[in-house]
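Protein chains in written order, with the numbering used here: chain Z, 439 to 793; chain X, 413 to 726; chain E, 156 to 470.
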């Protein structure tokens, strides 16, 4: 976005004290072999206590990088965070924290994360119990023995069968679903304030997916944790999200409560995402919708609307100016020129019809 | 990121056709990254690696010297001159002479020829046998593969140098027999490598497609499998060459190397070893060139591996 | 796991059999028939006696059977051709300990320094320490150990008299040969360890560990080291026996009365029964140490342990 629009409006978003995480103007750059990728572009959002925020988008849209920026676990050496970016956790900017403090006072203790693939994200040469107990040893004064006992009750909490046996096993000896439960037990060991779940069910089979989502939701309610759930699956978003935030090409393009997004979405990309979710209702012979084209290469991010080349409702202005985020309601906003009062109704433009 | 109201949105100045449907000019998929095929990309990467380029230059220089070096001095490699025994390096004899007064400069490059030829020919033989054997085993799979790989496993568990010693006792001394001895089990690791690579490729769709189209097996192997395994094979060959040069040197040390008056870097070094305390330069030159060659191949191999490793492609 | 071990033992036995057979026939197939040549000048009667003593009068398959019978029932490898009456096994028994000691020293130096260098390089990736270690490693692989041994000998003993030149009369005599012998493995271990470390550092579970909030030091100690050192163990097997076999040249240069230098003199002396016996001994040692190390590794590394046991249990 243009430089003059960068100062974040403090009046509107900092009023409520139950905001636990406040991300402002987050920019993430990745310096790769082929060039400098602007992976996250001027992303701002807040997370309230106890709520679930779902970040949805195609792969490569910057959603995982946003999550990892919050954890301060961006790929070392090649990543860079923009100078104006701020990530305020309970009012403190974690980007300015010394590394030592991030280790002892942030990661694992207040913010923890579960990852996509529980197979590769668990240490193969440590037992399940050791790995869970490690979090406890790091952030509490527990002794090894106490920590192992606590690990056992955590395993019970995540409903692993036969926990006394599992605690001594290695990750390879468990099934995918159980490994993800272990991961959850590990992440929740220190009762963090924020849990970031990066595609936690993508690597699991469908039946286990529902169980894991159910477990996350249950534990979240019990502990009052705020959750940021990163996914490409709008179906999951529909199930668990309080608020949904849609990302495209490194930017947030629409954000709102669950019902606003599902009932009153204004951005054509959000429509496209919803149309491509198979649902029980759409039992027509109609083919499942699939979005044509690919997202832009963020080595040279488009100056105008990033979605324009793929958009069925593309107008002249979309190719000329970057859209401006505008509020539909207090909680619902989107960045699309269709919201401009002078813009025609989508029906008048659409080549593929409306939703 | 700033959120405006709809009213504020309305205040943004617009142009005439801003709200007309955009024409279908497809600026859609602009490809920003240059598309390079595997070899172009590998070459680009290799070129960027100064160490590998230096290794190539050194190897080229060594190869040129092995070709022209022996003719540069006007001495024959086996011309004995008893009046000039053990002469120090001088303007007459650039690298000095050995205990029989033979010009070391000439001998070093003649020896270099033998060492280089042995190294390259040996690696080539290893590669041929290994690629064919590994490729066939992996391609046919099942019982064929099981039996063929059992054989390799057993052969590979025999200590290499011992086998070479035994075999060279039988086949005698000379470049050809040295090659046979050293290639006897040398190809095993190459076969394993190729097999692993082919097995990985085998289940990929384009091969399935080729098979479905009725492409005969030999064409599948030569058109699809071998080109795609070439990367790992090239790297392995690069590391293989020095092991032959070293193997020959080792055999020379225990008296099974190339026979006099013919020579190699290994036998030059081995001969000089005994009198090292008095004439260290006699050892220095062959040892230096062995080390330089091994170093160059090693660095080139490292560079090639980095350049050809598909995991590093982004 | 049991099946795997059995399979490996079976291969080991077959490999050993193949080597022994090759060794047996190699000695008898050597052109110019060295046994004939050696006994040529002897009177017929004594010659006959010698032939009988070595069993050369029997048909070759008979000899072959007898050879294996003696090997398995008495562990006997026959007698030296050159020094009649000297048993091959006795010779091995008297020379092997020297090689063993030298080898143990070299392996210890190589493994310890290699692992440390590799870790240092990996943790300082792209910095001068990394380049320095990698330079040492490349040189260590590129410079043949006999060249290195000669350099050591020339500079450290002939020029500066820091160490005894040759021989085997105490610890100071072992330092240079052990260093020369270990340099190559130091280089190998350093490279391997560095690659392993970098690989482990790139693994997803390192991100998980970081997400728990731990210091770099703990991360390396608890998560990186174990996962990257374990595979190093597999390199140890071949090393152990190579110390016997690979020390041929080093032992000769430093005039160390070990198996390696004895093997070389047996080759030059054309003492073929000795060559055969030693070949079988070294090969057996090699095959055995690779076998033991591989099996041990299977027990130590849970990743291997599991995959060999046949998958996971549970839902």
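Note that beta-carbon positions come from the ideal geometry of N, C-alpha and C, so glycine has one too. Note that the structure is predicted; figures quoted are calculated from it, not measured.
Against chain X, with Cβ distances strictly below 8 Å, would residue 615 (chain Z) count as a contact? The residue labelled residue 615 (chain Z) in the question sits at position 177 within the first chain. Not a single CB atom of chain X sits nearer than 8 Å to the CB of residue 615 (chain Z).
Taking the C-alpha atoms as reference points, what is the distance between residue 639 (chain X) and residue 696 (chain X)? Looking up residue 639 (chain X) in the second chain gives position 227. Looking up residue 696 (chain X) in the second chain gives position 284. Spanning the two alpha carbons is a distance of roughly 42 Å.
Simplified DSSP state of residue 686 (chain Z), which is helix, strand or coil: The residue you call residue 686 (chain Z) lines up with position 248 of the first chain. Of the three classes helix, strand and coil, the one that applies to residue 686 (chain Z) here is strand, per DSSP.
Which residues, taken in chain order from the stretch 346-366 of chain E, show a beta carbon closer than 8 Å to some beta carbon of chain Z? Taking 8 Å as the upper bound on Cβ-Cβ separation, chain Z lies near residues 358, 359, 360, 362, 363, 364, 365, 366 of the stretch 346-366 of chain E.
With a threshold of 8 Å between beta-carbons, can residue 390 (chain E) be considered close to chain Z, or not? Your numbering for residue 390 (chain E) matches position 235 in the third chain. By the rule that beta-carbons nearer than 8 Å mark a contact, residue 390 (chain E) does not touch chain Z.
At the level of alpha carbons, what is the spacing between residue 226 (chain E) and residue 579 (chain X)? In the third chain, counting from the first residue as 1, residue 226 (chain E) sits at position 71. In the second chain, counting from the first residue as 1, residue 579 (chain X) sits at position 167. Their backbone Cα atoms lie some 22 Å apart in a straight line.
Rounding to the nearest angstrom, what Cα-Cα distance links residue 379 (chain E) and residue 365 (chain E) in this structure? Walking along the third chain from the start, residue 379 (chain E) turns up at place 224. Walking along the third chain from the start, residue 365 (chain E) turns up at place 210. Spanning the two alpha carbons is a distance of roughly 12 Å.
What residues from the stretch 679-694 of chain X come within 9 Å of chain E, judged by C-beta to C-beta, listed N to C? Per Cβ criterion, the list reads 681, 682, 684, 685, 688, 689, 692.
Cutoff 7 Å; reference residue 580 (chain Z); Cβ partners in own chain excluding five residues on either side: The residue labelled residue 580 (chain Z) in the question sits at position 142 within the first chain. Answer for residue 580 (chain Z): 574, 588, listed in chain order.
Among X:675, X:653, X:680, X:674, which residue has its Cα nearest to the Cα of residue 538 (chain X)? Along the second chain, one-based indexing puts residue 538 (chain X) at 126. Out of X:675, X:653, X:680, X:674, X:653 has the C-alpha closest to the C-alpha of residue 538 (chain X).
Burial state of residue 157 (chain E), where buried means 16 or more other Cβ atoms lie within 10 Å: Start at 1 with the first residue of the third chain, and residue 157 (chain E) comes out as number 2. Counting C-beta atoms within 10 angstroms of its own C-beta, residue 157 (chain E) has fewer than 16 neighbours from the protein chains shown and is therefore classed as exposed.
Using only alpha-carbon positions, find the residue among E:450, E:326, E:451, E:436 that is nearest to residue 244 (chain E). Taking the third chain and counting its residues from 1, one reaches residue 244 (chain E) at position 89. Distances from the alpha-carbon of residue 244 (chain E) to those of E:450, E:326, E:451, E:436 put E:436 closest.
Name the residues in the stretch 421-433 of chain E whose C-beta lies less than 8 Å from a C-beta of chain X; which are they? Within the stretch 421-433 of chain E, the residues whose Cβ lies closer than 8 Å to some Cβ of chain X are 422, 423, 427, 430, listed in chain order.
Would you please verify whether the beta carbon of residue 688 (chain Z) is less than 8 Å from any beta carbon of chain X? For this step, residue 688 (chain Z) is matched to residue 250 along the first chain. Among the CB atoms of chain X, none fall inside 8 Å of the CB of residue 688 (chain Z).
From the DSSP output, which residues share a beta bridge with residue 246 (chain E)? Residue 246 (chain E) sits at position 91 when you count from the first residue of the third chain. The bridge partners DSSP lists for residue 246 (chain E) come to none.
Roughly how many whole angstroms lie between the Cα atoms of residue 305 (chain E) and residue 337 (chain E)? Within the third chain, numbered from 1, the residue matching residue 305 (chain E) stands at position 150. Within the third chain, numbered from 1, the residue matching residue 337 (chain E) stands at position 182. If you take the alpha carbons of residue 305 (chain E) and residue 337 (chain E), they lie about 14 Å apart.
For residue 775 (chain Z), count neighbouring Cβ atoms within 10 angstroms of its own Cβ and tell me buried if that reaches 16, exposed if not. Position 337 of the first chain holds residue 775 (chain Z). Residue burial is scored here from C-beta neighbours: residue 775 (chain Z) has at least 16 other C-beta atoms within 10 angstroms and is therefore classed as buried.
Taking residue 550 (chain Z) as part of the beta strand (DSSP E), name the residues at either end of that continuous run. Working through the first chain from its first residue, we reach residue 550 (chain Z) at position 112. Its beta strand (DSSP E) spans residues 549-552.
Proximity test, Cβ basis, 8 Å: residue 458 (chain Z) and chain E: Counting from one through the first chain, the residue named residue 458 (chain Z) turns up at place 20. Not an interface residue.
By the DSSP assignment, the alpha helix (DSSP H) with residue 753 (chain Z) in it spans what residues? On the first chain, residue 753 (chain Z) is found 315 positions in, with the first residue counted as 1. Under the DSSP assignment, residue 753 (chain Z) falls outside any alpha helix (DSSP H); it carries neither an H nor an E label.
Output the distance between the C-alpha atoms of residue 706 (chain Z) and residue 544 (chain Z), rounded to the nearest integer angstrom. Residue mapping note: residue 706 (chain Z) aligns to position 268 of the first chain, counting from 1. Residue mapping note: residue 544 (chain Z) aligns to position 106 of the first chain, counting from 1. So the two alpha carbons sit approximately 38 Å from each other.
Between the stretch 553-563 of chain Z and the stretch 610-620 of chain Z, can you find at least three pairs of beta-carbon atoms closer than 8 Å? Contact holds: three or more Cβ-Cβ distances are below 8 Å.
Just the chain E side, please: which residues come within less than 8 Å of residue 551 (chain X) by C-beta, in chain order? Working through the second chain from its first residue, we reach residue 551 (chain X) at position 139. From the beta-carbon of residue 551 (chain X), no residue of chain E is found nearer than 8 Å; the closest lies around 24 Å away.
Chain-ordered neighbours of residue 166 (chain E) on chain X, where CB pairs are closer than 9 Å: As a first step, residue 166 (chain E) must be located in the third chain, where it is residue number 11. Simply 562, 565, 566, 569.
Please determine, among E:308, E:318, E:297, E:309, the residue with the shortest C-alpha to C-alpha distance to residue 705 (chain X). Counting from one through the second chain, the residue named residue 705 (chain X) turns up at place 293. It is E:297 whose Cα lies nearest to the Cα of residue 705 (chain X).
Step through the CB atoms of chain X and report whether any lies within less than 8 Å of the CB of residue 298 (chain E). Taking the first residue of the third chain as position 1, residue 298 (chain E) is located at position 143. Residue contact with chain X for residue 298 (chain E): present (Cβ-Cβ distance below 8 Å to some residue of chain X).
When you check each C-beta in the stretch 659-677 of chain Z against every C-beta of chain X, which residues fall closer than 9 Å? With the criterion set as a beta carbon lying under 9 Å from some beta carbon of chain X, the stretch 659-677 of chain Z has no members that meet it.
Please report how far the alpha carbon of residue 516 (chain Z) lies from the alpha carbon of residue 356 (chain E), in whole angstroms. Here residue 516 (chain Z) corresponds to residue number 78 of the first chain, with the count starting at 1. Here residue 356 (chain E) corresponds to residue number 201 of the third chain, with the count starting at 1. Cα-Cα distance, rounded: 15 Å.
Can we say the stretch 514-533 of chain Z touches the stretch 599-606 of chain Z, given the rule of at least three CB pairs closer than 8 Å? Result no; under three Cβ-Cβ pairs closer than 8 Å.
Would you mind telling me which residues of chain E sit closer than 7 Å to residue 667 (chain X), beta carbon to beta carbon, in chain order? Start at 1 with the first residue of the second chain, and residue 667 (chain X) comes out as number 255. Residues of chain E passing the Cβ test: 422, 423.
Inter-residue Cα distance where the pair is residue 440 (chain X) and residue 689 (chain Z): On the second chain, position 28 is the one that residue 440 (chain X) refers to. On the first chain, position 251 is the one that residue 689 (chain Z) refers to. Summary for residue 440 (chain X): the model assigns pLDDT 49, below 50, so the residue's position carries little reliability; its value from the coordinates is reported in the next sentence. Roughly 18 Å between the two C-alpha positions.
For a contact meaning CB atoms closer than 8 Å, what does residue 706 (chain X) contact in chain E? Taking the first residue of the second chain as position 1, residue 706 (chain X) is located at position 294. Within chain E, the residues near residue 706 (chain X) are 296, 297, 298, 299.
Quick one: grab the DSSP three-state call for residue 717 (chain X). Position 305 of the second chain holds residue 717 (chain X). In this structure, residue 717 (chain X) counts as helix in the three-state DSSP scheme.
Length of the line joining the Cα atoms of residue 386 (chain E) and residue 507 (chain X): The count along the third chain starts at 1 and reaches residue 386 (chain E) at position 231. The count along the second chain starts at 1 and reaches residue 507 (chain X) at position 95. Distance between the alpha carbons of residue 386 (chain E) and residue 507 (chain X): 46 Å.
So with CB distances below 8 Å, who are the chain X contacts of residue 403 (chain E)? Residue mapping note: residue 403 (chain E) aligns to position 248 of the third chain, counting from 1. Under the 8 Å cutoff, chain X gives 573, 662, 665, 666.
Measure from the C-beta of residue 422 (chain X) to each C-beta in chain Z and report whether the shortest distance is under 8 Å. In the second chain, the residue the question calls residue 422 (chain X) occupies position 10. Chain Z, which has a Cβ nearer than 8 Å to the Cβ of residue 422 (chain X), makes this yes.
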